Structure formats: structure tokens, C-alpha cells
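Written out below as C-alpha cells is the structure these notes cover.
Protein chains: 2
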Amino acid sequence: MKARKLGRGVAIVGVGMSQFGAFPGKTTRDLFAEAFLEMRDAVDKGLDPNDIEALFIGNYSSELFEGQGHTAPIMADWVGLMPRPATRIEDACASSGVALRQGVMAVASGLHDVVMVGGIEKMSDLPIAEVTDTLAKAADVLYEIPAGFTFPGFYAAMATAYMHRYGASPEALMRVALKNHDNGALNPKAQFNQTIAEVMASKRRSAEKKGLPVPEWADEMAFLRDDRANPVIAWPLRLFDCSPVTDGATAVLLVAADIAKQFTDDPVYIIGTGQASDTALHGRSNLTSIASAKAASQMAYQMAGITPADVKIAEVHDCFTIAEILASEDLGFFVPGTGHEAAEEGLTARHGPKPINTSGGLKAKGHPVGASGAGQAVEIFKQMRGQAGPRQVDREVDLALTHNVGGTGQTAVVHIYERK
Amino acid sequence: MKARKLGRGVAIVGVGMSQFGAFPGKTTRDLFAEAFLEMRDAVDKGLDPNDIEALFIGNYSSELFEGQGHTAPIMADWVGLMPRPATRIEDACASSGVALRQGVMAVASGLHDVVMVGGIEKMSDLPIAEVTDTLAKAADVLYEIPAGFTFPGFYAAMATAYMHRYGASPEALMRVALKNHDNGALNPKAQFNQTIAEVMASKRRSAEKKGLPVPEWADEMAFLRDDRANPVIAWPLRLFDCSPVTDGATAVLLVAADIAKQFTDDPVYIIGTGQASDTALHGRSNLTSIASAKAASQMAYQMAGITPADVKIAEVHDCFTIAEILASEDLGFFVPGTGHEAAEEGLTARHGPKPINTSGGLKAKGHPVGASGAGQAVEIFKQMRGQAGPRQVDREVDLALTHNVGGTGQTAVVHIYERK
Chain V
1 MKARKLGRGV AIVGVGMSQF GAFPGKTTRD LFAEAFLEMR DAVDKGLDPN DIEALFIGNY
61 SSELFEGQGH TAPIMADWVG LMPRPATRIE DACASSGVAL RQGVMAVASG LHDVVMVGGI
121 EKMSDLPIAE VTDTLAKAAD VLYEIPAGFT FPGFYAAMAT AYMHRYGASP EALMRVALKN
181 HDNGALNPKA QFNQTIAEVM ASKRRSAEKK GLPVPEWADE MAFLRDDRAN PVIAWPLRLF
241 DCSPVTDGAT AVLLVAADIA KQFTDDPVYI IGTGQASDTA LHGRSNLTSI ASAKAASQMA
301 YQMAGITPAD VKIAEVHDCF TIAEILASED LGFFVPGTGH EAAEEGLTAR HGPKPINTSG
361 GLKAKGHPVG ASGAGQAVEI FKQMRGQAGP RQVDREVDLA LTHNVGGTGQ TAVVHIYERK
Chain R
1001 MKARKLGRGV AIVGVGMSQF GAFPGKTTRD LFAEAFLEMR DAVDKGLDPN DIEALFIGNY
1061 SSELFEGQGH TAPIMADWVG LMPRPATRIE DACASSGVAL RQGVMAVASG LHDVVMVGGI
1121 EKMSDLPIAE VTDTLAKAAD VLYEIPAGFT FPGFYAAMAT AYMHRYGASP EALMRVALKN
1181 HDNGALNPKA QFNQTIAEVM ASKRRSAEKK GLPVPEWADE MAFLRDDRAN PVIAWPLRLF
1241 DCSPVTDGAT AVLLVAADIA KQFTDDPVYI IGTGQASDTA LHGRSNLTSI ASAKAASQMA
1301 YQMAGITPAD VKIAEVHDCF TIAEILASED LGFFVPGTGH EAAEEGLTAR HGPKPINTSG
1361 GLKAKGHPVG ASGAGQAVEI FKQMRGQAGP RQVDREVDLA LTHNVGGTGQ TAVVHIYERK
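If you're matching them up, the sequences are chains V and R in order. In case it helps, the numbering used here puts the first sequence at residues 1 to 420. In case it helps, the numbering used here puts the second sequence at residues 1001 to 1420.
Structure follows, in C-alpha cells:
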């Protein structure tokens, strides 16, 4: 595909997100309002919400999760933005990454100067078996689901293929979980803001309280290898290899680059965007790489005029730990087959040479599927501007990347960010 | 809102649509392929499908209608367009009108030169009560549906408010049905391609065959007033005031204006686009007009630099007959309160001064909800280029309009087309 340039520059000038977790009393509307209000109040020079001209809202399936279709104008109405156009974007778990791309196009097209990109998902109201079924509809329901697959199974198939091909061990996957929990522990919005060591301590305390035998583990890896503490979901994926069921909403304010300074002296520019598709997993010859992620990132790199080595931090789509390892290769950070070693050596840790998922990732921060893509941009905006608090990386970040995947990679969308 | 110009001109160079109707053996994939292949083969100077760079697909609820989410990349894969980015747009029955707007932005942004806009919906597999429930999710499920409303009820409320305020009669609504069936009878793709007179004749034949008393009606209006032939669904709306449950797909090929002549010597340019939202019906003070449709059309008129009087033909969202009358006023074709007279006087007939819904409209052509918006553009493209066969209007059409509504008007999207 041809390299493209945007007709007009685009910048992020404010972000917001709700608490991530399971909130039985809250609807999508409540979560969206939380994210919207935080975004509104976070714009350095202030935002008059009336200046927002359009909304692009990523949502996987409000109709299945809470019985509400046509959800975009309802969100816009809920926060007082009538009669702004409000559009729902759906590409499974890539919904709000793709919504971000629509927002970029809307500004670059000249049609809008100020748009809001949102992401929403309220998953915890359904019984867990129905959540699994609902998510499974993001696969191919004619050719895959009748064979008994659900998403842990799909990613387990990728993990076993990867392990077989490159000699990787389940321990490499566990290292991803360890790291992302370490980061999530420093993110007050995360669903799981505990390190694995803290999880172990809390399990011991709870056993003690109940008068049960108190489990002892030599270290975190011993805990993660323990079939009772960390049961197998779909081998080699265990509980701590899987992202959780999450309620949450995210918000990103995009403006034309030429007016960005009206909102903040420190905007973050989106200088590359790429999106690609792939056939569903059943039709692929290679399970150790997600072709759409490769294609999307190549588009984004070309547009931005940078290489993978230029990227200082990245938020990648770790719906399962194996997905982060595949991403680290598909994005060109590591040579194919070496991503697992990079994870084991700590190269992707918060203060390593290539920090990945400083937010805690989908794994620890939580994965409200339609909200996750825009949520990645929230973290990047904060890190680039030095506002990530205790999880702030220890260097200047001039270039960053987000990578958001739908399904098993039928959709992938990548954005590249620059701080000048 | 400010008047806007696109950063880059956009043209339609090819269109396609599947047969509209109820097709028990077909999936969305089959319908989409039908529309895609017709579009591919309809491009005057030929189309290499590999030149398509992205897909924007309007779909209301493939997940509820046929259990398939993440449907956009599946459609793209089905017609061999991997790894093109494929994005699903959902704004209820305005989904593919809004998808058309996303396609316009994608080209105007400079990100793409050639994009396909599609619309899909496969509604007839569910039992009819579930279809009604599925559509009802496009209303407000917290505040409206628990009160017992479904869509015929919403539009009946608008119809009674309109009749009360302006002294309109149910006969004005019947005139809309008569006209749209007259047009649909000349559209070989229409679900109902019979005039009301033909419907009457077929009912008489069928009674005769069964040895039942053969009904006699003085004329079409007598037929439409007959409670047994045309039962009340939600007063004043009767069966023939309602659009049907339809399976169908539509396709529109958009390209940058500067390369349009590579595809055809006779492109149709999109010179105006507008989209707006409104609160759900329960929160409105006025039921005799859809504010979002007014706002969206004003945006589109401003962008195009034309007035309602300049529009030669229009496809409007007649999900119910009252909706066409409201649209004819909201779009500025007729003064508020006079749309019903215009309908009764035949001003919107195919050879009247302001032809509306020459395709048969959603009423007779059919209403596969997520496909209807792009379907309107299909008709406009054909009419503007003189390719509408026996239903071709009797004058040159240099300017035309489409008007697509989601729900009761929580979304409305309007496009304006020019043939040079």
C-alpha cells in the first residue's frame, strides 16, 4: 500500500478515563460520564464542551452486554452534547483504536476541528459464560465457534505454535504477567493494582483468616507455576495470562494541530496511523505472528517516517500474555522468535530499554474491550507529558506507539505519537 | 455550527446492491458479495478490486440478527480484500448513511484515494417478535422500552402529534404508501415491487382460488382504509404505512474527485455532508419535526452552498409513511405543516415537482436497516446518471439529496450530490 500523509495535522490535548473494574451499580452512561468529565477538566487551558464538534465512540457490543443499541448518541446526550454527530465504531476489541483513527480522519478531512474519541464497555452485568459467548462472536461464528473455540483457546493455539516454533517456555508468558502487574500496581485506575507479590501476600492472609493451611511459594514464579494458585485456562495460558472482564470508559480529545496551542502548550501529535485486517484464525497458515498488526504498523511507521527503534514506549494489546510477545515482534521491536527472550530478560520493563504497557496493559489495568484502544492513548499522553505519577518512565519520550487488536487479529490498528 | 469545506473533493464512481427481500438460505456474507460484485462490474472504466484501500460498513446489529460480531473484516475477507482496513459503523438505521460520511472523511483526509462504503443487514432469520425487540434496542432501553414502546408506536406518536397540530388525515399517510409502491413496482431490486392496485388484484385472485368471497374495493384508497386488508399496527399507522423486515446489502465506491475520471466520465460528486444527533423521543418537546434531520440538512446545505429549492430529487428515510412527510418539511422542501398536503397533491410523485423516493423508499424497496443509507446513494447515483430504467425521472438531475435517520432521530445524516 502507498504511504500516506494526512491533509492536516492532528493533536491530542486532553484525555480521561473512568475507574476500570467491575461496577455492578453502574451503566455505560455512568462510566462514559466519568471519562468525559475527567477529560474535560484535564485540558490545560480549559475546554468549553460546546467546542466539541463530533464524537467517535468505540464499543464492541453494548447491545449484547446491556441491551442497548444505537449507543453513540445516547452517550453524547448524557454529557450534554446534543446535537453533535455521534458515531459508534465497532471492530471488536479494536473498536476504540479504530475510533481514534476515525477521529484523526475527521480532523484531517477539514470537516471538524475538535472531536472527542471515546471508548466504552460494560461487561460485568452478564453471567461469565455469556460474557465468553458474547466475546466469541468476534471470531468467525460460521467456521470457528462451532468447533468449540473461545478466545482463550484461540490465543492458546497461538501460544503453543509459538512455543513449538521458537522453543519458548510458559515462563516467558508469566514474565509478561509479572511485569504488567508491577505496572498496574502503580496505576490507581487499574482493575488489578497489585503486584503478583501482593496477590500472594493477600492469598496468604486470606488463608490465615479462614484457618486454612497457609500456602508458601518460593517466589512469584513458583506462585504462577502453581496449578491451584494459577489454574490452567487453556494450556499454556493460565488465569494470570488472561485479561479480565472489565467495565470502563476512556476519552481522548483530538484537535487540528494548528489550533492545539489554544488548548495546551504541550500537545501530543498523532503522526502515524495504520489499520489492517486479516482472515479469521482458521484461515491462516502462520499462527506465530499477526499479519494485520505487521501491516498496520508498517503503514503507521511509513506515515510517521520513523522506525521501530525510534519508539520509546508502547502500549500493546496484551489480551493474553502471548499477545504481548507476538506484538513486540510484529511491531518490529524484536526479531521474530526473540520476543519471549526479551520478556524474560526484562527488556520491556518500565525502566528497561523498550518499556511496554506501563499502564499495566489490558492484563492488569483491565480490558473493557471497546474502551481499550483509546485507553492506550490515554496512557501514552500521560507518559509523554511526564504525568504518569509513580509509573512514569525514567526518560524523555518523544515518540510512542499504540497497538490495538480486534479478535485474533482480524483487525489491528496502530498509532504513532510525537511530543515536540 | 461552523460551515465546513472538505479538504479534498469526493466522488461516487460505482454502486451496487443485492436483491432486497427475505432470503432464508442466505447469510450477510452472501448479500454483501452480491452488492460488491454488482458494484465492481458497474464501474464504467473497470475496477481492479485491489485498488480499494479501505471499507466502511454500516450495520445495525449483525450480532443480534445472526450472532456475528466484528463483521467488517469478515465482509472484506469474503470478497478477497485482505488486508484492507475494514470498519463497522453503527448508528441504528442510519448506520450506512453515517458509513458514507466516514468514507467521505477518509478520502477528504488524504488517507485514502479509493474506499468502499457498504451496508448490510440480515433481518429475516429471527422470529418477528425478536426482530421487533432487536430494533427496539435502537431506542432508549432505560427510559422508553420499559414503557412498552416499539418503533411503530414511536412513529405513531409522531403521526398523532402531527395530525393533531396540523389537521392532517391518515389519508395523507396512505398517499405516501401509494406513491412509494408505484415507484417500487418499477424497481426490480425492491422487496415489494407491486403497486397497491397490483396488491389488490393479487388479493382478489387469491380469494378466488381459495373459493372465498372476493373482496371489492372502489379504489386503492378504499383498500388502504379497509381494516381487514390494511390492519392497524399502531394507530394511525397501518400495515402499509410500515417498512418491512428486509435482508439486503448495498455498496458505493468513493474516490478522490481528482482521480474520478480514471473510473468513469460521469462521476457523481458528494458536495455536502451533515450529521446530527438528538435526545431520544421521550426527552423531546416537539414530536412534529426531527431536529437532528433539520440540523444535519442545514450543515449539508451550507457545505454544498445550495438551498432546498435546488434539490431536484431526494431519497428520504420513510421507515414509516409519517417519517417521509416529516422529512419533506425538515429538509426544507415544504413549509412545516404542509408536507401532508404536498403528499396528497402528488408533489413528491416521480414526475411531480419534487420527486421523493423514486426507488420505492424503505417502504416498498425494503429496509435492511444497516444497508438503507448507502442504498439511498445507490438510487441517487442511478437517477443522476439516467440509469434508473422505467422509474427514471423526466428531467436532468444536477443536484440531489439523501436523508437517513437512526431510531426516532437520535441520529440523522444528510448528503448532497452533484452531477456536473
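The beta carbon of each residue, even a glycine, is placed where N, CA and C say it ideally should be. Predicted, not measured: the structure shown is a model, and the values here were computed from it.
* To do: Pull up the CB-CB distance for residue 281(V) and residue 87(V), whole angstroms please, since I reckon it's below 8 Å.
  => Counted from its first residue, the first sequence places residue 281(V) at position 281. Counted from its first residue, the first sequence places residue 87(V) at position 87. Residue 87(V) and residue 281(V) do not touch by the CB rule: their CB atoms are close to 29 Å apart, not below 8 Å.
* Chain-ordered neighbours of residue 1297(R) on chain V, where CB pairs are closer than 9 Å -> On the second sequence, position 297 is the one that residue 1297(R) refers to. Per Cβ cutoff of 9 Å: no residues; residue 1297(R) is ~12 Å from chain V at best.
* Which class does residue 1404(R) belong to by DSSP, given the choice of helix, strand or coil? -> In the second sequence, counting from the first residue as 1, residue 1404(R) sits at position 404. If DSSP states are grouped into helix, strand and coil, residue 1404(R) belongs with the strands.
* To do: Can you give me the Cβ contacts of residue 1100(R) inside the same chain, cut-off strictly under 7 Å, excluding the 5 residues immediately before and after it?
  => The residue given as residue 1100(R) occupies position 100 in the second sequence. Result list for residue 1100(R): 1117, 1252, 1373, 1374, 1377 and 1415, in chain order.
* Do we get a CB-CB distance below 8 Å when we pair residue 1082(R) with the residues of chain V? -> In the second sequence, residue 1082(R) corresponds to position 82, counting from 1. For residue 1082(R), a Cβ of chain V is located within less than 8 Å of the residue's own Cβ.
* To do: Would you list, in chain order, the members of the stretch 81-107 of chain V that have their beta-carbon closer than 7 Å to a beta-carbon of chain R?
  => Going along the stretch 81-107 of chain V in chain order, one finds 82, 83, 84, 85, 86, 87, 88, 89, 90, 91, 92, 98, 102, 105 and 106 with a Cβ nearer than 7 Å to chain R.
* Asked: Between the beta-carbon of residue 1020(R) and the beta-carbon of residue 1368(R), is there less than 8 Å?
  -> On the second sequence, position 20 is the one that residue 1020(R) refers to. On the second sequence, position 368 is the one that residue 1368(R) refers to. Yes, these two residues count as a Cβ contact at 8 Å.
* DSSP three-state call for residue 1421(R): helix, strand or coil? -> Absent from the structure is residue 1421(R), since the part of chain R shown begins at 1001 and ends at 1420.
* Asked: What number of angstroms, rounded off, separates the C-alpha of residue 346(V) from the C-alpha of residue 354(V)?
  -> As a position in the first sequence, residue 346(V) is number 346, starting the count at 1. As a position in the first sequence, residue 354(V) is number 354, starting the count at 1. Cα to Cα, the separation comes out at about 9 Å.
* Asked: What residue from 1028(R), 1023(R), 1052(R) and 1017(R) has the CA that sits closest to residue 1036(R)'s CA?
  -> Numbered from 1 along the second sequence, position 36 holds the residue referred to as residue 1036(R). For residue 1036(R), the nearest C-alpha among the options comes from 1017(R).
* Asked: Among residues of its own chain, excluding the 5 on either side of residue 151(V), which ones have a beta-carbon nearer than 6 Å to its beta-carbon?
  -> Here residue 151(V) corresponds to residue number 151 of the first sequence, with the count starting at 1. Residues of the same chain with a CB within less than 6 Å of the CB of residue 151(V), apart from the 5 flanking positions on each side, are 135 in chain order.
* To do: Return yes when the C-beta of residue 1120(R) is under 7 Å from any heavy atom of the ligand MN, and no when it is not.
  => The ligand MN is absent from the structure shown, which contains no ligand whatsoever.
* Proximity below 8 Å, CB of residue 1156(R) to CB of residue 1257(R) -> On the second sequence, residue 1156(R) is found 156 positions in, with the first residue counted as 1. On the second sequence, residue 1257(R) is found 257 positions in, with the first residue counted as 1. At the C-beta level, residue 1156(R) and residue 1257(R) stay beyond 8 Å of one another.
* **N-terminal and C-terminal residue of the alpha helix (DSSP H) that residue 301(V) is part of** => Indexing the first sequence from 1 puts residue 301(V) at position 301. From DSSP, the alpha helix (DSSP H) with residue 301(V) extends over 291-304.
* Hey, how far is the Cα of residue 1291(R) from the Cα of residue 1145(R)? -> As a working note, residue 1291(R) is residue 291 in the second sequence. As a working note, residue 1145(R) is residue 145 in the second sequence. Residue 1145(R) has its alpha-carbon roughly 21 Å from the corresponding atom of residue 1291(R).
* Asked: Got a sec: is the Cβ-Cβ distance from residue 1131(R) to anything in chain V below 8 Å?
  -> Counting from 1 along the second sequence, the entry for residue 1131(R) is found at position 131. Not an interface residue.
* To do: Report the residue ranges of all alpha helix (DSSP H) runs contained in full by the stretch 1219-1305 of chain R; include only those spanning at least 4 residues, in chain order.
  => Entirely contained in the stretch 1219-1305 of chain R, the alpha helix (DSSP H) runs reaching 4 residues are, in chain order, 1220-1225 and 1291-1304.
* Asked: How should residue 403(V) be labelled, buried or exposed, when 16 other C-beta atoms within 10 angstroms of its C-beta is the threshold for buried?
  -> The residue labelled residue 403(V) in the question sits at position 403 within the first sequence. Label assigned to residue 403(V): buried.
* Exposure of residue 331(V), with buried meaning 16 or more beta-carbon neighbours within 10 Å -> Counting from 1 along the first sequence, the entry for residue 331(V) is found at position 331. Buried is the call here.
* Quick one: what's got a C-beta closer than 6 Å to residue 1304(R)'s C-beta in the same chain, skipping five residues either side? -> Within the second sequence, numbered from 1, the residue matching residue 1304(R) stands at position 304. When the five nearest sequence neighbours on each side are left out, the beta carbons in the same chain lying within less than 6 Å of the beta carbon of residue 1304(R) are those of 1271, 1272 and 1416, in order along the chain.
* **chain C contacts made by the stretch 147-173 of chain V, where a contact means CB separation under 9 Å** => Chain labels in this structure do not include chain C; the protein chains are V and R.
* Determine which residues of the stretch 343-369 of chain V have a Cβ less than 8 Å from any Cβ of chain R, and write them out in chain order. => So nothing in the stretch comes that close.
* Helix, strand or coil at residue 52(V) according to DSSP, with G and I counted as helix -> Within the first sequence, residue 52(V) is the residue found at index 52, counting from 1. Residue 52(V): coil per DSSP, three-state reduction.
* To do: Pick helix, strand or coil for residue 1180(R), following the three-state DSSP scheme.
  => Residue mapping note: residue 1180(R) aligns to position 180 of the second sequence, counting from 1. The DSSP-derived three-state label of residue 1180(R) is helix.
* To do: Given a cut-off of 8 Å, decide if residue 320(V) and residue 422(V) are closer than it, judged by their beta-carbon atoms.
  => Examination of residue 422(V) is not possible in this model, given that chain V is present from 1 through 420 alone.
* Residue burial classification, residue 81(V) (beta-carbon count within 10 angstroms, cutoff 16) -> Residue numbering aside, residue 81(V) sits at position 81 when the first sequence is read from its first letter. Taking every protein chain shown into account, the CB of residue 81(V) has 16 or more other CB atoms within 10 angstroms, so this residue is buried.
* Taking the alpha-carbon positions, what's the residue 1167(R) to residue 1161(R) distance? -> Position 167 of the second sequence, counting from 1, holds the residue named residue 1167(R). Position 161 of the second sequence, counting from 1, holds the residue named residue 1161(R). So the alpha carbons of these two residues sit roughly 10 Å apart.
* **Reduced DSSP category for residue 321(V) - H, G, I as helix; E, B as strand; rest coil** => Translated into the one-based positions of the first sequence, residue 321(V) becomes position 321. Three-state result, residue 321(V): helix.
* Assuming residue 1131(R) and residue 1245(R) make a contact with CB atoms under 8 Å, what is their CB distance in whole Å? -> Translated into the one-based positions of the second sequence, residue 1131(R) becomes position 131. Translated into the one-based positions of the second sequence, residue 1245(R) becomes position 245. That belief holds up - the Cβ atoms of residue 1131(R) and residue 1245(R) are roughly 5 Å apart, short of 8 Å.
* So, does the CB of residue 1256(R) fall closer than 8 Å to a CB anywhere in chain V? -> One-based indexing of the second sequence puts residue 1256(R) at position 256. So, not an interface residue.
* To do: For residue 249(V), decide whether its Cβ has a neighbour in chain R, counting only Cβ atoms nearer than 8 Å.
  => For the purposes of this step, residue 249(V) is taken as the residue at position 249 of the first sequence. Not one chain R Cβ lies under 8 Å of residue 249(V).
* To do: State the beta-bridge partners of residue 415(V) as determined by DSSP.
  => As a first step, residue 415(V) must be located in the first sequence, where it is residue number 415. According to DSSP, residue 415(V) shares a beta bridge with 273(V) and 402(V).
* To do: Could you name the residues of the same chain whose beta carbon sits closer than 8 Å to that of residue 1208(R), not counting the 5 residues immediately before and after it, in chain order?
  => For the purposes of this step, residue 1208(R) is taken as the residue at position 208 of the second sequence. Around residue 1208(R): 1214.
* To do: Measure the Cβ-Cβ separation of residue 269(V) and residue 9(V) and say whether it is below 8 Å.
  => Taking the first sequence and counting its residues from 1, one reaches residue 269(V) at position 269. Taking the first sequence and counting its residues from 1, one reaches residue 9(V) at position 9. In contact: residue 269(V) and residue 9(V) (Cβ atoms closer than 8 Å).
* Have a look at 1254(R), 1133(R) and 1323(R) and flag the residue whose alpha-carbon is nearest the alpha-carbon of residue 1040(R). => As a working mapping, residue 1040(R) is identified with position 40 in the second sequence. With distances taken between Cα atoms, residue 1040(R) lies closest to 1254(R).
* Are the beta-carbon atoms of residue 54(V) and residue 73(V) separated by less than 8 Å? -> Start at 1 with the first residue of the first sequence, and residue 54(V) comes out as number 54. Start at 1 with the first residue of the first sequence, and residue 73(V) comes out as number 73. Residue 73(V) sits away from residue 54(V), with the two beta carbons spaced by 8 Å or more.
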